[in-house]
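Asks: Okay, here's the structure, questions in a sec.
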């Protein structure tokens, strides 16, 4: 009888599967991504390597010495004790991250624009207390520009009413405001000494959200040739909430990671972060194989570093607030080993 | 980040600038000693204090100079002192 191995599901629950079952999960996961994403599945030797990773009973795993990559992240500086700056410092000194990201708890560019001077003051102090790069980040959050929070029409309400033209017009109006706000906040924090700017969950509100981000990146790159700009995505496919928006002649609705990366590169970003959402009903092995299959086409064409999002609910990691380290370390090693990523 | 270098290129670049091998970059003992010598900043540990270690801004200044990169906070600091940047 085949021995069982402890592993995780996409919701974080601990289960036991045999090595053969894990192999089947890996093959099913890559096939699912290949079919939906119209990309090549992982090769057999890659699946063999993933099987060694996910069929291990080790509590923790890691990359080989010499294969270390850079860790970037969103939203550090959330204090357990003390204040924001102490939390950032602890992230440098105790967690030993490669970089940190100062942010506001309301992680949204339209929200942060109202308190920019306070964020600037915090960034200035952070730069004096930390040696590692301190970035600044938030989300484009296009939805916040729609009523009742914002001034534009609410396309989430207009679309079910079949008011398509009105919904598109509302998104286009919101885009203009979003670009202005993202550029304003980014430039303000750059002026305060930020080492880079992160636009996180780009495309969360669909293709208009993604286009606003690309336009903001373009403007910033034009004005600040030295600015580090990271664009992290929201999911493996850009939703066509508008449906007709293009960037440089390419329709944004439906873009998969390799298409997203090309747009982000063209706009002038310096790091691209694909995000592949976790299916909580499937195993971590299935989710990891699926995620790597989606992202693999990016690596040959990438001219800028690719930092796969491997965190809560993305990159194969369980969708759970306290992601189990056995799953996180396996997904991280899998991503680095198979994709030869620049970072996580 | 600002140069958009891929990881392998970045490791070679940094190793060359520091006069070490890319394998040395993975060795925290080697890098701890090297960062101390080059005044690039290192992790604080209560039982082995280095009171003379640089402040973060000084450390970043040395990092920028040694690696030949532009660090925004260092440039801002230098502008404040009236010494360029």
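Chains as they are written, first to last, in this note's numbering: chain A, 119 to 462; chain B, 20 to 104. Glycine included, every Cβ here is placed at the ideal spot set by N, Cα and C. A quick note: this is a predicted structure, and the numbers were derived from the prediction, not measured.
Taking 8 Å as the threshold (C-beta atoms), are residue 147/A and residue 441/A in contact?
Replies: no
Asks: Under 8 Å, CB to CB, which of the residues in the region 229 to 250 of chain A have a partner in chain B?
Replies: 245, 246, 247, 248 and 249
Asks: Does DSSP put residue 197/A in a helix, a strand or coil?
Replies: coil
Asks: Just to check my reading of the structure: residue 238/A and residue 334/A have Cβ atoms closer than 8 Å, yes? What is that Cβ distance to the nearest angstrom?
Replies: Not a contact, Cβ separation roughly 18 Å.
Asks: Measure from the alpha carbon of residue 345/A to the alpha carbon of each residue in 251/A, 288/A and 197/A, then state which is nearest.
Replies: 251/A
Asks: Does any C-beta atom of chain A lie closer than 8 Å to the C-beta of residue 60/B?
Replies: yes
Asks: Can you tell which of 258/A, 347/A, 299/A and 286/A has its C-alpha closest to the C-alpha of residue 314/A?
Replies: 347/A
Asks: Whole beta strand (DSSP E) runs in the region 123 to 182 of chain A with 3 or more residues, listed along the chain?
Replies: 132 to 136
Asks: Below 8 Å between beta carbons: does that hold for residue 86/B and residue 36/B?
Replies: yes
Asks: Start and end of the beta strand (DSSP E) containing residue 351/A?
Replies: 346 to 351
Asks: DSSP state of residue 74/B, grouped into three classes?
Replies: The three-state secondary structure of residue 74/B, taken from DSSP, is coil.
Asks: Would you tell me roughly how many angstroms separate the C-alpha atoms of residue 55/B and residue 47/B, rounded to the nearest one?
Replies: 12 Å
Asks: State yes or no: is the beta carbon of residue 423/A nearer than 8 Å to at least one beta carbon in chain B?
Replies: Yes, residue 423/A counts as interfacial toward chain B.
Asks: Using a beta-carbon distance below 8 Å, is residue 183/A in contact with chain B?
Replies: With 8 Å as the cut-off, residue 183/A counts as an interface residue toward chain B.
Asks: In chain order, what residues of the same chain have a beta carbon less than 6 Å from the beta carbon of residue 82/B, not counting five sequence neighbours either side?
Replies: 59
Asks: Grab the span of the alpha helix (DSSP H) containing residue 56/B for me, first residue to last.
Replies: 47 to 56
Asks: Can you tell me the Cα-Cα spacing of residue 204/A and residue 293/A, whole angstroms?
Replies: 36 Å
Asks: Looking at the structure shown, is residue 253/A part of a helix, part of a strand, or coil, going by DSSP?
Replies: The three-state reading of DSSP puts residue 253/A in strand, counting E and B together.
Asks: Please determine, among 287/A, 258/A, 216/A and 145/A, the residue with the shortest C-alpha to C-alpha distance to residue 169/A.
Replies: 145/A
Asks: Does the beta carbon of residue 349/A sit closer than 8 Å to a beta carbon anywhere in chain B?
Replies: no
Asks: Over what stretch of residues does the alpha helix (DSSP H) that includes residue 391/A continue unbroken?
Replies: Where residue 391/A is concerned, there is no enclosing alpha helix (DSSP H), although the beta strand (DSSP E) it sits in stretches over 389 to 391.
Asks: Rounded to the nearest angstrom, how far is the Cβ of residue 409/A from that of residue 394/A, given a contact under 8 Å?
Replies: 4 Å
Asks: For residue 209/A, which residues of its own chain have a beta-carbon under 6 Å away from its beta-carbon, when the five flanking residues on both sides are left out?
Replies: Excluding positions up to five away in sequence, the list reads 194, 215 and 218.
Asks: The beta strand (DSSP E) that contains residue 120/A, what's its start and end?
Replies: Looking at the DSSP string, residue 120/A is not in any beta strand (DSSP E), and its letter there is neither H nor E.
Asks: Under 8 Å between beta-carbons, which chain B residues line up against residue 461/A? List them in chain order, please.
Replies: Per Cβ cutoff of 8 Å: 26.
Asks: Hey, how far is the Cα of residue 84/B from the Cα of residue 28/B?
Replies: 19 Å
Asks: Work out the CA separation of residue 223/A and residue 329/A for me, nearest whole Å.
Replies: 24 Å
Asks: Looking only at its own chain, which residues have a Cβ that is under 7 Å from the Cβ of residue 358/A, when we skip the five neighbours before and after it?
Replies: 324, 325, 371 and 372
Asks: For residue 178/A, does the count of other Cβ atoms within 10 angstroms reach 16, so buried, or fall short, so exposed?
Replies: exposed
Asks: By the 10 Å Cβ neighbour count, where 16 or more other Cβ atoms means buried, how is residue 67/B classified, buried or exposed?
Replies: Residue environment: residue 67/B is assigned as exposed (fewer than 16 neighbouring CB atoms within 10 Å of its CB, all protein chains considered).
Asks: Looking at the C-beta of residue 291/A, does it have a partner C-beta in chain B at a distance below 8 Å?
Replies: no
Asks: Go to residue 317/A, then tell me how far its beta strand (DSSP E) extends in each direction, as first and last residue.
Replies: Looking at the DSSP string, the run of the beta strand (DSSP E) that includes residue 317/A is 314 to 320.
Asks: Between residue 76/B and chain A, is the shortest Cβ-Cβ distance under 8 Å, so that the two count as touching?
Replies: At least one beta carbon of chain A lies nearer than 8 Å to the beta carbon of residue 76/B.
Asks: Who are the near neighbours of residue 290/A in its chain, counting only those whose CB is closer than 8 Å to its CB and skipping five residues on each side?
Replies: 326 and 360
Asks: Determine whether the Cβ of residue 85/B lies closer than 8 Å to any Cβ atom of chain A.
Replies: no
Asks: Does DSSP put residue 428/A in a helix, in a strand, or in coil?
Replies: coil
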